[in-house]
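Visitor: I am attaching a structure below and will ask some questions about it afterwards.
Residue numbers (the working numbering), protein chains in the order written: chain C, 6 to 313; chain Z, 6 to 313.
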């Protein structure tokens with residue numbers, strides 16, 4: 006059975022939206038990626054670090070979704086990474102109110118022996134040197150490596166970021182960050198520039214405007230599901246990446262045609278994520294609901310024009 | 006053979022983009038709608054007005070695309086409607102530099118007798134009373150009526166606009182204007198509110214982010230083609246509407262399934278419009294190019310997930 010290795014943050018988030026606010030709840034890129042990928046019943050593990058303040062129930066929640074948490078290091082004297090943010094009324098922009106790196110500041114990731122041969126590796130948003138260190142430990146040279154990053158690392162650790170980007174197959178990045186990384190306004194031209202940096206595939210996430218998958222020959226687009234209400238966008242991008250990676254792990258087929266389907270699965274799962282605060286919706290999601298939502302995506306996008 | 010009636014402006018445009026600027030060139034909603042619809046070889050007519058300064062070659066250009074121009078009134082002592090605008094670097098926003106209504110200020114549209122039984126009517130962006138007056142003259146009570154409008158009329162002639170909206174089947178409108186008209190931020194909720202105003206279908210145009218087609222039961226999405234370069238966005242929305250209407254006229258099938266295809270045709274044709282200044286690209290477009298672009302749209306959006 007093919008395996009999925011996830012490195013990313015495990016965090017406390019405190020979120021304010023026009024609909025309400027939360028205390029410190031489970032957050033970080035890795036739980037969103039892991040919970041989303043868990044829909045595909047793949048063997049997965051999270052490599053991360055938390056402090057002594059992190060509730061065991063959160064770790065158990067991940068474990069109950071068949072995510073191996075043995076490589077989530079616990080530093081009893083440390084505090085867990087904390088992020089808080091407030092969304093504006095349009096839900097597309099937010100202010101970061103607080104970022105406390107805490108135990109993340111000197112995190113040394115250790116990949117468990119039984120996941121060094123993973124077939125898919127997701128390097129979630131983290132310091133590029135941590136992402137590199139995880140790659141150094143992966144022994145499967147055919148592993149499909151997916152890297153997610155954000156503007157913070159472009160602005161502060163660009164050289165390290167470019168070094169790790171060289172080593173990955175797929176870069177997932179949002180539209181503004183793709184423009185920032187390449188200094189190009191056209192996303193088509195930006196994607197082309199990113200190939201020269203190393204990745205063979207580029208996924209550009211446009212939030213409520215969907216996601217684009219590129220390689221040198223092809224482009225595919227998946228819309229976001231038009232929703233009556235977005236309750237909390239936190240984690241939608243990671244949920245997308247988790248669904249994308251989970252589907253590729255399960256099918257073990259890394260062709261462009263199959264990646265199209267992975268993008269649709271990622272979009273469908275992300276459409277659930279935004280319906281409730283934090284990871285709440287993703288913790289209680291059954292396969293019938295996912296099936297019905299995929300049907301909505303088909304209705305939304307498929308048409309029948311014969312070209313002969 | 007079913008017929009298409011188009012009412013809209015015929016104008017001079019002067020356009021500045023980061024790529025260059027034009028003198029006064031052929032513009033206005035009706036030429037874009039007509040040229041786009043002409044791809045379907047339907048019988049069409051434009052109802053509009055120009056001044057004595059309007060070059061006969063522009064009218065001949067429309068006529069050569071099989072558009073009946075006998076109802077384009079020429080007022081020899083008047084001046085043609087003039088618009089000029091400058092696009093910003095992102096090409097998504099623009100400043101209007103000048104708007105001179107001229108002969109449009111007291112335009113009394115007259116629908117030619119042989120187009121009073123048209124099966125599809127496009128009420129292009131114009132004063133709502135002019136749009137109403139055209140509808141009064143249409144005798145085919147089963148005609149599919151498509152109305153396009155913009156924020157200017159919402160702000161200045163809202164009551165007249167609501168009166169004509171009541172009488173149409175399909176409202177096409179951009180996303181910001183849909184939000185403005187309904188005071189709703191979710192486009193799904195905005196569309197639902199628009200049904201209560203009269204139209205059974207709503208098309209929300211999102212520019213580079215594609216277009217949504219709604220009715221009470223269904224929603225369909227067509228992306229814009231990701232382009233390396235947008236040269237001049239002027240007329241893209243009208244070109245979309247013309248392709249949409251032209252396809253529906255040709256097929257004479259007003260089901261939601263067929264409207265999906267019409268939205269794809271509209272999007273494909275709009276993707277040509279932005280490649281050159283003004284109507285230039287649309288004047289020299291052959292069916293093979295359109296065929297190839299439809300293939301790109303299929304590649305861009307179609308996937309194969311079996312749900313059984």
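Ideal placement from N, C-alpha and C gives every residue a C-beta, glycine not left out. Just so we're clear, the structure is a prediction, and the values are computed from it rather than from any experiment.
Taking only the alpha-carbon atoms, compute the straight-line gap between residue 31(C) and residue 104(C) and give it to the nearest angstrom.
Guide: Cα to Cα, residue 31(C) sits roughly 15 Å from residue 104(C).
Visitor: At which residues does the beta strand (DSSP E) containing residue 91(Z) begin and terminate?
Guide: 87-92 is the extent of the beta strand (DSSP E) around residue 91(Z).
Visitor: On the DSSP letters alone, give me the boundaries of the alpha helix (DSSP H) that residue 33(C) sits inside.
Guide: No alpha helix (DSSP H) contains residue 33(C), which DSSP labels as neither H nor E.
Visitor: Residue 199(C) touches chain Z at which residues, Cβ-Cβ below 9 Å?
Guide: Chain Z residues near residue 199(C): none, gap ~14 Å exceeds 9 Å.
Visitor: Thinking residue 38(Z) and residue 127(Z) are a contact (beta carbons under 8 Å), I'd like their distance in whole angstroms, please.
Guide: Contact flag correct, Cβ pair sits at about 6 Å.
Visitor: Applying the criterion that 16 or more other CB atoms from any shown protein chain within 10 Å of the CB defines a buried residue, is residue 132(C) buried or exposed?
Guide: Result: buried.
Visitor: Quick check on residue 213(C): buried or exposed, where buried means 16 or more other Cβ atoms within 10 Å of its Cβ?
Guide: Buried, by the Cβ-count rule.
Visitor: Look up residue 51(C) in the DSSP assignment and say whether it is helix, strand or coil.
Guide: It is a strand residue.
Visitor: Tell me the DSSP secondary structure of residue 73(Z) in three-state form.
Guide: Residue state, collapsed to three classes: strand.
Visitor: Please state whether DSSP places residue 131(C) in a helix, a strand or coil.
Guide: The answer is coil: DSSP assigns residue 131(C) none of H, G, I, E or B.
Visitor: Taking the alpha carbon of residue 240(C) as the reference point, which residue from 308(C), 157(C), 16(C) has its own alpha carbon closest?
Guide: When each option's Cα is compared against that of residue 240(C), the closest is 16(C).
Visitor: With a threshold of 7 Å between beta-carbons, can residue 310(C) be considered close to chain Z, or not?
Guide: Interface residue, yes.
Visitor: Rounded C-beta distance between residue 125(Z) and residue 148(Z)? I'm assuming under 8 Å.
Guide: Contact holds; Cβ gap of about 7 Å.
Visitor: Which runs of the alpha helix (DSSP H) at least 4 residues long sit entirely within the region 217-278 of chain C? Give them in chain order.
Guide: Taking only runs of at least 4 residues, the alpha helix (DSSP H) segments lying wholly in the region 217-278 of chain C are 241-256, 261-278.
Visitor: If we count Cβ pairs, one from each stretch, closer than 8 Å, do we get three or more for the region 166-175 of chain C versus the region 199-219 of chain C?
Guide: In short, these stretches touch, since the Cβ pair count reaches three.
Visitor: Pop quiz: residue 305(C) and residue 226(Z) are said to be a contact at Cβ under 8 Å. What is the actual Cβ separation, rounded to whole angstroms?
Guide: Right, the Cβ-Cβ distance comes to about 5 Å (below 8 Å), so this counts as a contact.
Visitor: Check the Cβ-Cβ distances between residue 207(C) and every residue of chain Z, and say whether any is below 7 Å.
Guide: No, residue 207(C) lies away from the interface with chain Z (no Cβ there is under 7 Å from its Cβ).
Visitor: Compare the C-beta of residue 315(C) with all C-beta atoms of chain Z and state if any pair is closer than 7 Å.
Guide: This structure leaves residue 315(C) out entirely; chain C is present only between 6 and 313.
Visitor: Based on DSSP bridge pairs, tell me the residues matched to residue 150(Z).
Guide: Bridge partners of residue 150(Z): 126(Z).
Visitor: Cβ closer than 8 Å: which chain Z residues qualify as neighbours of residue 224(C)?
Guide: 231, 304, 305, listed in chain order.
Visitor: Looking only at its own chain, which residues have a Cβ that is under 7 Å from the Cβ of residue 220(Z), when we skip the five neighbours before and after it?
Guide: For residue 220(Z), where only same-chain residues beyond five positions count, the Cβ hits under 7 Å are 205, 206, 261.
Visitor: Inspect the beta-carbon positions of residue 9(C) and residue 47(C) and report whether they are closer than 7 Å.
Guide: Yes. Within cutoff.
Visitor: Distance cutoff 7 Å, beta carbons only. Does residue 47(Z) sit that close to anything in chain C?
Guide: Not an interface residue.
Visitor: For a contact defined as C-beta to C-beta under 8 Å, what are the partners of residue 292(C) on chain Z?
Guide: None at all; the shortest Cβ gap to chain Z is about 12 Å.
Visitor: Ignore the nearest five residues each way along the sequence and tell me which others in residue 93(Z)'s own chain have a CB closer than 7 Å to its CB.
Guide: Contacts found: 99.
Visitor: How would you write the range of the beta strand (DSSP E) that residue 103(Z) sits in, first residue to last?
Guide: Taken as a continuous stretch (DSSP letters only), the beta strand (DSSP E) holding residue 103(Z) covers 99-105.
Visitor: Just how far apart, CA to CA, sit residue 230(Z) and residue 273(Z)?
Guide: Their backbone Cα atoms lie some 7 Å apart in a straight line.
Visitor: For residue 102(C), which residues in the same chain have their Cβ closer than 7 Å to its Cβ, ignoring the five residues on either side in sequence?
Guide: Around residue 102(C): 89, 90, 91.
Visitor: Output the distance between the C-alpha atoms of residue 193(Z) and residue 14(C), rounded to the nearest integer angstrom.
Guide: Going by the C-alpha atoms only, they are around 34 Å apart.
Visitor: To the nearest angstrom, how far is it from the Cα of residue 119(C) to the Cα of residue 34(C)?
Guide: Between residue 119(C) and residue 34(C), the C-alpha separation is close to 22 Å.
Visitor: Quick check on the DSSP output: the alpha helix (DSSP H) that includes residue 95(Z) runs from which residue to which?
Guide: Where residue 95(Z) is concerned, there is no enclosing alpha helix (DSSP H), given that its DSSP letter is neither H nor E.
Visitor: Do residue 85(Z) and residue 52(Z) come within 7 Å of each other at the CB atom, strictly closer than that value?
Guide: Going by C-beta atoms, residue 52(Z) is not nearer than 7 Å to residue 85(Z).
Visitor: Of the residues 173(C), 209(C), 172(C), 174(C), which one's Cα is nearest the Cα of residue 190(C)?
Guide: It is 209(C) whose Cα lies nearest to the Cα of residue 190(C).
Visitor: Could you check if residue 234(Z) is buried or exposed, using at least 16 other CB atoms within 10 Å of its CB as the buried criterion?
Guide: Label assigned to residue 234(Z): exposed.
Visitor: Quick check on this structure: which residue in 87(C), 250(C), 223(C), 83(C) has the alpha carbon closest to the alpha carbon of residue 307(Z)?
Guide: Closest option to residue 307(Z), Cα to Cα, is 223(C).
Visitor: Between residue 197(Z) and residue 183(Z), what straight-line distance do the alpha-carbon atoms span, to the nearest angstrom?
Guide: Each residue's alpha carbon lies about 11 Å from the other.
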